[in-house]
Amino acid sequence: MKVSYFPGCTLKTKAKDLDEYARRSCEALGITLEEIEDWQCCGGVFTTARDEVATKLSSVRALKEAAAKDQPLVTVCSACHNVIKQTNHAMQTDAEFAAKVNNYMADGAYNGEAQVYHYLELLRDVVGFDTLKEKVVNALKGKKIAAYYGCLLLRPSGVMRMDDPENPTIMEDFIRAIGAEPVVYAMRNECCGGYIAMESPALAKKNSNAVVENAKAQGAEMIITACPLCRYNLIKNGADIPVVYFTELLAEALGVKEGENA
Amino acid sequence: MHNSNLKEDIIRISGVNPKKCMRCGKCSASCPAYDEMEYHPHQFVAMIENGDIEPLLNSKSLYKCLSCFACIERCPRSVEPAKLVEAVRLAAVRKQGANHMTANDVPALLDAELPQQAIVSAFRKYSK
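Protein chains in written order, with the working numbering: chain A, 1 to 262; chain B, 1001 to 1128.
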């Protein structure tokens, strides 16, 4: 099976691991990630203003290319996923906005036809966690892992439709599928501070520390995330347990992490 | 009531009806940037409803919203306060020379590990 893939700016630079392990794991699961040609940066955050058009064109162009190939569009980065899914929803539900966007589309209109999956949704809804479990060759037995959802995977839930926004299970189910033990904690869907790290590092520190302390208090030995900025904030602000991308553990469990068994 | 055109613009581009607010304060209780804000999410809603927008336009609170969508998610009346904050922020930064952050500001804010995602997100929120 082939799917369209939007890696995003950070997966080509500071988060190459997130990208590489995602690609290798997908191959091991029989799915090829076909990178969108000439994709442009999503912009990092979705602008909710209805009259903001230019900032959403890059997402629409990626969606349009996936739709033309009749493939779902898959993202790994939480931020890309949030921006692209919210843009797709706006194209489906706001005709005035869609008409303005389509003025900039060269060959034919786009009206939200593409299906958007986060990589975790691809694992749950296309591969299936039971199938994933069968393909695990290196179960991460005994590891207590806290899933850090942050903001962008789940909210706004009416648009994202990934999981229950206050009591999600998709990452915990993923952790179980690779043989480890999920640690549930209250702060798992609260914000790390995001881009405020640039202007108000103290706020990012306060928020990030609250997440890490809460995870540790519930027994976590490791935190996983899908978001490069969450990972940066948690590590930068002194997390004293490993904070890793979920795709790294997936690749390890599937036996395709480079150097594994070498 | 003053600033009625601006009020109408903000309501139009945000798609929010501030009259739906029942003043429960859950948006501000959920806000991870609350402590750093001069005007809090529930105050944005009430002040915009009253056309009292000038203080918001000039407040640094506009640049404290983290776009975490917590207030949008948790509002029991679906008022979606962050969309109002965003509309006022755009009304401010869209004016010529009013960008809150420029490319010249960025080098001083970088460290070696900072992901590109942070920079593009900040630009989207702080400038036009």
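Ideal placement from N, C-alpha and C gives every residue a C-beta, glycine not left out.
(request) Using three-state DSSP, classify LEU73 (chain A) as helix, strand or coil. (result) strand
(message) Any beta carbon from chain B within less than 8 Å of PRO156 (chain A)'s own beta carbon?
(response) yes
(message) In the DSSP assignment, the beta strand (DSSP E) including ALA146 (chain A) goes from what residue to what residue?
(response) 144 to 147
(request) Give me whichever residues DSSP pairs with MET222 (chain A) in a beta bridge. (result) A:ILE145
(request) For PRO168 (chain A), count neighbouring C-beta atoms within 10 Å of its own C-beta (all shown protein chains included) and say buried if the count is 16 or more, exposed if not. (result) buried
(request) Would you decide whether TYR1034 (chain B) is buried or exposed? Buried here means 16 or more other CB atoms lie within 10 Å of its CB. (result) exposed
(message) Which of the three DSSP states is assigned to HIS118 (chain A) in this structure?
(response) strand
(request) Pick helix, strand or coil for GLU1113 (chain B), following the three-state DSSP scheme. (result) coil
(message) Within 8 Å of any Cβ in chain A, is that where the Cβ of GLY1015 (chain B) sits?
(response) yes
(message) Measuring CB atoms only, is the region 73 to 83 of chain A touching the region 8 to 16 of chain A, in the sense that at least three cross pairs come out at less than 8 Å?
(response) yes
(message) Cutting at 6 Å between CB atoms, please list the residues of its own chain near GLU260 (chain A), excluding the five before and the five after it.
(response) Low confidence applies here, because GLU260 (chain A) scores a pLDDT of 49, under 50, leaving its location unreliable; read the following figure in that light. So no residue of the chain qualifies.
(request) Report yes or no: is there a C-beta of chain B within less than 8 Å of the C-beta of ILE36 (chain A)? (result) no
(request) Determine the chain B residues that contact ILE224 (chain A) at a beta-carbon separation under 7 Å, and present them in chain order. (result) Neighbours of ILE224 (chain A) on chain B: none; closest Cβ ~17 Å, over 7 Å.
(request) May I have the straight-line CA-CA distance separating GLY238 (chain A) from ASN209 (chain A), to the nearest angstrom? (result) 8 Å
(message) Quick check on DSSP: helix, strand or coil for LYS14 (chain A)?
(response) coil
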